[in-house]
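First comes the structure, then the notes that go with it.
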Amino acid sequence: MPMLTNNCAKTSSCRRQVRFAAAVFGVAFLSLMFSPLKAFALCCKCTASDAPESTICIQVETADTDCSSLTANTGNADLKKLNCAKKLEPAQCQKITKGVCKEEPVSESLYKKISASAAQQAPQKTVGAIEKTVSPPKLGVEIPFLTLSPAEATKAVINVPWLAQYIAGVQNYLIGISVTAAAIMLVYGGFLYILGAYTILETINPATIKPAVLQIETITPKYYKISDATYQGLQQVAMGEFKPDPE
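Heads up: the sequence shown begins at 35 in the numbering used here, then just goes up one per residue.
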(Lines of atoms letter the chains of each structure in order from A and count residues from 1; the text may use other names and numbers.)
(Lines give C-alpha, C1' and ligand atoms only; values in the text may rest on other atoms or scores of the structure.)
Protein backbone atom coordinates (compact mmCIF):
# COMPACT_ATOMS: atom_id res chain seq x y z
CA MET A 1 0.00 0.00 0.00
CA PRO A 2 2.73 2.61 0.78
CA MET A 3 4.41 1.81 -2.57
CA LEU A 4 1.08 2.18 -4.43
CA THR A 5 0.41 5.55 -2.78
CA ASN A 6 3.85 6.90 -3.62
CA ASN A 7 3.53 5.81 -7.24
CA CYS A 8 0.05 7.43 -7.49
CA ALA A 9 1.40 10.67 -6.02
CA LYS A 10 4.02 10.86 -8.82
CA THR A 11 1.45 10.36 -11.62
CA SER A 12 -0.66 13.36 -12.68
CA SER A 13 -3.50 11.25 -14.10
CA CYS A 14 -3.81 9.34 -10.83
CA ARG A 15 -4.00 12.61 -8.90
CA ARG A 16 -6.77 13.88 -11.18
CA GLN A 17 -8.77 10.68 -10.60
CA VAL A 18 -8.41 11.03 -6.84
CA ARG A 19 -9.59 14.67 -6.94
CA PHE A 20 -12.56 13.75 -9.13
CA ALA A 21 -13.62 10.93 -6.76
CA ALA A 22 -13.32 13.24 -3.75
CA ALA A 23 -15.44 15.90 -5.47
CA VAL A 24 -18.16 13.39 -6.36
CA PHE A 25 -18.21 12.04 -2.80
CA GLY A 26 -18.47 15.56 -1.35
CA VAL A 27 -21.37 16.54 -3.60
CA ALA A 28 -23.24 13.32 -2.75
CA PHE A 29 -22.66 13.81 0.97
CA LEU A 30 -23.89 17.43 0.91
CA SER A 31 -26.96 16.50 -1.14
CA LEU A 32 -27.90 13.82 1.36
CA MET A 33 -27.42 16.09 4.34
CA PHE A 34 -29.49 18.99 2.99
CA SER A 35 -32.07 16.97 1.09
CA PRO A 36 -35.59 18.45 1.67
CA LEU A 37 -37.36 15.13 1.14
CA LYS A 38 -37.31 14.02 4.77
CA ALA A 39 -36.46 17.20 6.59
CA PHE A 40 -39.40 19.11 8.02
CA ALA A 41 -38.34 22.52 9.24
CA LEU A 42 -41.73 23.38 10.77
CA CYS A 43 -44.34 21.54 12.85
CA CYS A 44 -47.76 23.13 13.35
CA LYS A 45 -50.42 22.51 15.97
CA CYS A 46 -53.78 22.06 14.25
CA THR A 47 -57.29 21.31 15.46
CA ALA A 48 -60.46 20.17 13.73
CA SER A 49 -63.73 22.03 14.14
CA ASP A 50 -65.58 18.87 15.23
CA ALA A 51 -62.88 17.90 17.78
CA PRO A 52 -61.19 21.09 19.06
CA GLU A 53 -59.74 19.32 22.11
CA SER A 54 -57.61 16.95 19.98
CA THR A 55 -54.26 18.24 18.75
CA ILE A 56 -53.15 17.24 15.24
CA CYS A 57 -49.47 17.76 14.45
CA ILE A 58 -48.74 18.61 10.80
CA GLN A 59 -45.19 18.68 9.44
CA VAL A 60 -44.95 21.44 6.83
CA GLU A 61 -43.49 20.56 3.42
CA THR A 62 -44.28 23.77 1.52
CA ALA A 63 -41.38 26.20 1.46
CA ASP A 64 -41.80 29.73 2.82
CA THR A 65 -44.94 28.71 4.73
CA ASP A 66 -45.72 29.33 8.38
CA CYS A 67 -48.49 27.82 10.49
CA SER A 68 -50.89 30.72 9.96
CA SER A 69 -50.72 30.38 6.16
CA LEU A 70 -50.47 26.59 6.02
CA THR A 71 -54.13 25.92 5.26
CA ALA A 72 -54.16 28.58 2.56
CA ASN A 73 -50.99 27.46 0.74
CA THR A 74 -51.38 23.67 0.98
CA GLY A 75 -52.70 21.56 -1.85
CA ASN A 76 -54.28 19.00 0.51
CA ALA A 77 -58.05 19.56 0.57
CA ASP A 78 -58.46 17.78 3.91
CA LEU A 79 -55.79 19.97 5.48
CA LYS A 80 -57.61 23.16 4.46
CA LYS A 81 -60.42 22.24 6.89
CA LEU A 82 -58.11 22.45 9.92
CA ASN A 83 -57.29 25.42 12.11
CA CYS A 84 -53.51 25.80 12.29
CA ALA A 85 -51.96 28.81 13.98
CA LYS A 86 -49.36 27.68 16.54
CA LYS A 87 -45.83 26.49 15.91
CA LEU A 88 -44.57 23.55 17.93
CA GLU A 89 -41.02 22.93 19.06
CA PRO A 90 -39.39 19.65 17.97
CA ALA A 91 -39.70 18.30 21.52
CA GLN A 92 -43.45 19.04 21.48
CA CYS A 93 -44.12 17.62 18.02
CA GLN A 94 -44.52 14.06 19.31
CA LYS A 95 -47.28 11.74 20.44
CA ILE A 96 -48.97 12.45 23.80
CA THR A 97 -46.63 10.15 25.73
CA LYS A 98 -43.75 12.50 24.92
CA GLY A 99 -45.37 15.58 23.37
CA VAL A 100 -48.78 17.15 22.72
CA CYS A 101 -49.94 15.31 19.59
CA LYS A 102 -52.89 12.92 19.82
CA GLU A 103 -51.30 10.69 17.16
CA GLU A 104 -47.90 10.54 15.52
CA PRO A 105 -47.06 13.70 13.50
CA VAL A 106 -48.06 13.44 9.84
CA SER A 107 -46.68 15.25 6.83
CA GLU A 108 -48.65 17.91 5.02
CA SER A 109 -49.31 15.82 1.91
CA LEU A 110 -50.17 12.57 3.72
CA TYR A 111 -52.80 13.98 6.11
CA LYS A 112 -56.21 12.38 5.67
CA LYS A 113 -59.20 13.64 7.64
CA ILE A 114 -61.35 11.10 9.49
CA SER A 115 -64.87 12.23 10.31
CA ALA A 116 -65.95 12.33 13.95
CA SER A 117 -68.65 9.71 13.39
CA ALA A 118 -66.17 7.32 11.80
CA ALA A 119 -63.69 7.93 14.61
CA GLN A 120 -66.34 7.11 17.21
CA GLN A 121 -67.46 3.99 15.38
CA ALA A 122 -63.96 2.65 14.83
CA PRO A 123 -63.33 1.49 18.44
CA GLN A 124 -66.78 -0.08 18.60
CA LYS A 125 -66.14 -2.01 15.39
CA THR A 126 -62.82 -3.17 16.74
CA VAL A 127 -64.37 -4.31 20.02
CA GLY A 128 -67.18 -6.03 18.15
CA ALA A 129 -64.72 -7.84 15.91
CA ILE A 130 -62.69 -8.97 18.91
CA GLU A 131 -65.81 -10.12 20.71
CA LYS A 132 -66.84 -12.21 17.69
CA THR A 133 -63.46 -13.76 17.02
CA VAL A 134 -62.55 -14.56 20.65
CA SER A 135 -64.58 -17.49 21.97
CA PRO A 136 -64.17 -19.62 25.11
CA PRO A 137 -61.44 -22.25 24.68
CA LYS A 138 -62.25 -25.93 24.69
CA LEU A 139 -60.54 -27.82 27.49
CA GLY A 140 -58.64 -30.99 26.73
CA VAL A 141 -59.80 -32.49 30.04
CA GLU A 142 -63.35 -31.57 30.94
CA ILE A 143 -63.93 -30.42 34.54
CA PRO A 144 -67.38 -31.21 35.96
CA PHE A 145 -69.70 -28.23 36.50
CA LEU A 146 -67.23 -25.84 34.77
CA THR A 147 -68.64 -23.59 32.05
CA LEU A 148 -66.46 -20.86 30.56
CA SER A 149 -68.28 -17.60 29.89
CA PRO A 150 -67.65 -15.55 26.73
CA ALA A 151 -65.50 -12.43 26.86
CA GLU A 152 -67.38 -9.23 27.72
CA ALA A 153 -66.31 -6.15 25.77
CA THR A 154 -66.86 -2.56 26.87
CA LYS A 155 -65.80 0.67 25.19
CA ALA A 156 -62.16 0.42 26.24
CA VAL A 157 -61.76 -2.89 28.10
CA ILE A 158 -62.27 -6.54 27.21
CA ASN A 159 -62.93 -8.74 30.24
CA VAL A 160 -61.63 -12.28 29.75
CA PRO A 161 -62.79 -14.45 32.71
CA TRP A 162 -61.47 -17.81 31.47
CA LEU A 163 -58.37 -18.08 33.66
CA ALA A 164 -60.24 -17.10 36.84
CA GLN A 165 -63.11 -19.48 36.04
CA TYR A 166 -60.67 -22.30 35.26
CA ILE A 167 -58.78 -21.82 38.54
CA ALA A 168 -62.06 -21.64 40.50
CA GLY A 169 -63.36 -24.77 38.75
CA VAL A 170 -60.18 -26.74 39.49
CA GLN A 171 -60.27 -25.54 43.11
CA ASN A 172 -63.90 -26.62 43.57
CA TYR A 173 -63.17 -29.95 41.90
CA LEU A 174 -60.21 -30.63 44.21
CA ILE A 175 -62.25 -29.58 47.26
CA GLY A 176 -64.98 -32.02 46.25
CA ILE A 177 -62.45 -34.84 45.85
CA SER A 178 -60.90 -34.00 49.24
CA VAL A 179 -64.29 -33.98 51.00
CA THR A 180 -65.23 -37.32 49.42
CA ALA A 181 -61.88 -38.87 50.37
CA ALA A 182 -62.17 -37.49 53.92
CA ALA A 183 -65.67 -38.96 54.29
CA ILE A 184 -64.48 -42.36 53.04
CA MET A 185 -61.48 -42.32 55.39
CA LEU A 186 -63.71 -41.29 58.30
CA VAL A 187 -66.12 -44.17 57.66
CA TYR A 188 -63.26 -46.61 57.17
CA GLY A 189 -61.54 -45.43 60.37
CA GLY A 190 -64.77 -45.82 62.33
CA PHE A 191 -65.24 -49.32 60.94
CA LEU A 192 -61.71 -50.30 62.02
CA TYR A 193 -62.31 -48.79 65.48
CA ILE A 194 -65.53 -50.77 65.98
CA LEU A 195 -63.93 -53.97 64.66
CA GLY A 196 -60.95 -53.59 67.00
CA ALA A 197 -63.17 -52.91 70.02
CA TYR A 198 -65.33 -55.94 69.20
CA THR A 199 -62.26 -58.19 68.94
CA ILE A 200 -60.85 -56.98 72.27
CA LEU A 201 -64.14 -57.39 74.13
CA GLU A 202 -64.69 -60.87 72.72
CA THR A 203 -61.22 -61.89 73.82
CA ILE A 204 -61.54 -60.52 77.35
CA ASN A 205 -65.16 -61.32 78.14
CA PRO A 206 -67.45 -62.73 75.46
CA ALA A 207 -70.47 -62.00 77.66
CA THR A 208 -69.99 -58.27 77.01
CA ILE A 209 -70.73 -58.64 73.33
CA LYS A 210 -73.14 -61.58 73.63
CA PRO A 211 -75.36 -60.85 76.64
CA ALA A 212 -76.84 -63.94 78.31
CA VAL A 213 -80.55 -64.40 79.00
CA LEU A 214 -81.62 -63.22 82.45
CA GLN A 215 -83.01 -66.02 84.61
CA ILE A 216 -85.28 -64.92 87.48
CA GLU A 217 -86.49 -67.54 89.97
CA THR A 218 -90.11 -67.32 90.90
CA ILE A 219 -91.42 -67.64 94.52
CA THR A 220 -94.28 -70.03 95.12
CA PRO A 221 -96.25 -69.22 98.32
CA LYS A 222 -97.14 -72.05 100.73
CA TYR A 223 -100.17 -71.81 102.98
CA TYR A 224 -100.32 -73.53 106.42
CA LYS A 225 -103.41 -74.17 108.55
CA ILE A 226 -103.02 -73.42 112.28
CA SER A 227 -105.39 -73.69 115.15
CA ASP A 228 -106.94 -70.75 116.92
CA ALA A 229 -104.85 -71.29 120.03
CA THR A 230 -101.66 -71.22 117.95
CA TYR A 231 -102.81 -68.07 116.17
CA GLN A 232 -103.54 -66.32 119.44
CA GLY A 233 -100.19 -67.36 120.82
CA LEU A 234 -98.42 -65.91 117.76
CA GLN A 235 -100.28 -62.66 118.20
CA GLN A 236 -99.23 -62.44 121.81
CA VAL A 237 -95.62 -63.06 120.86
CA ALA A 238 -95.83 -60.37 118.24
CA MET A 239 -97.35 -57.90 120.66
CA GLY A 240 -95.02 -58.79 123.52
CA GLU A 241 -97.76 -60.14 125.74
CA PHE A 242 -96.56 -63.67 125.72
CA LYS A 243 -95.53 -64.92 129.10
CA PRO A 244 -93.78 -68.23 129.20
CA ASP A 245 -94.92 -70.93 131.59
CA PRO A 246 -92.92 -70.69 134.89
CA GLU A 247 -92.43 -74.43 134.84
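Positions of the beta carbon are idealized from the N, C-alpha and C atoms, including for glycine.
With which residues is residue i paired in a DSSP beta bridge?
{"i": "L122", "result": "C77"}
{"i": "E95", "result": "Per DSSP, none; premise fails for E95."}
{"i": "S141", "result": "Q93"}
{"i": "I260", "result": "Answer is none; I260 lacks a bridge partner."}
Can you check whether the C-beta of residue i is within less than 8 angstroms of a C-beta belonging to chain D?
{"i": "A231", "result": "In summary, chain D is missing from the structure at hand, where a single protein chain is found."}
Would you identify the three-state DSSP class for residue i, choosing helix, strand or coil?
{"i": "A198", "result": "helix"}
{"i": "A101", "result": "It is Cys, not Ala, that sits at residue 101 in the sequence shown. Reduced to three states, the DSSP call for C101 is helix."}
{"i": "S183", "result": "coil"}
{"i": "V213", "result": "helix"}
{"i": "N110", "result": "coil"}
{"i": "K136", "result": "coil"}
{"i": "K129", "result": "strand"}
{"i": "N206", "result": "helix"}
{"i": "P240", "result": "helix"}
{"i": "I192", "result": "strand"}
{"i": "S69", "result": "A caution first: S69 carries a pLDDT of 42, below 50, which makes its placement in the model unreliable, though a value can still be read off. DSSP places S69 in coil when its eight states are reduced to three."}
{"i": "A85", "result": "strand"}
Looking at C-alpha atoms only, which residue of the options is the closest neighbour of residue i?
{"i": "L122", "options": "L116, G274, C101", "result": "C101"}
{"i": "V204", "options": "I218, A190, T181", "result": "T181"}
{"i": "S183", "options": "L197, Q266, Q128", "result": "L197"}
{"i": "E95", "options": "K129, L248, T105, A272", "result": "T105"}
{"i": "C77", "options": "S103, D84, S83, A85", "result": "S103"}
{"i": "E282", "options": "V194, Y200, Q269", "result": "What is shown of the chain runs 35 to 281, which leaves residue 282 out entirely."}
{"i": "K115", "options": "I130, Q128, A82, C91", "result": "A82"}
{"i": "R113", "options": "P245, K146, S261, I218", "result": "The residue asked about is misnamed: residue 113 is Leu in this sequence, not Arg. Minimum Cα distance to L113 is reached at K146."}
If you count every other CB in all the chains shown that lies within 10 Å of the CB of residue i, and 16 or more means buried, which is it?
{"i": "I253", "result": "exposed"}
{"i": "G133", "result": "buried"}
{"i": "K79", "result": "buried"}
{"i": "T234", "result": "The displayed chain sequence assigns Ile, not Thr, to residue 234. The residue in question, I234, is exposed, as its Cβ has fewer than 16 Cβ neighbours within 10 Å."}
Any contact between the segment 221 to 228 and the segment 190 to 210? By contact I mean 3 or more CB pairs, one from each, below 8 angstroms.
no
Contact between the segment 106 to 125 and the segment 137 to 144 is defined here as three or more beta-carbon pairs at a separation below 8 angstroms; is this criterion met?
yes
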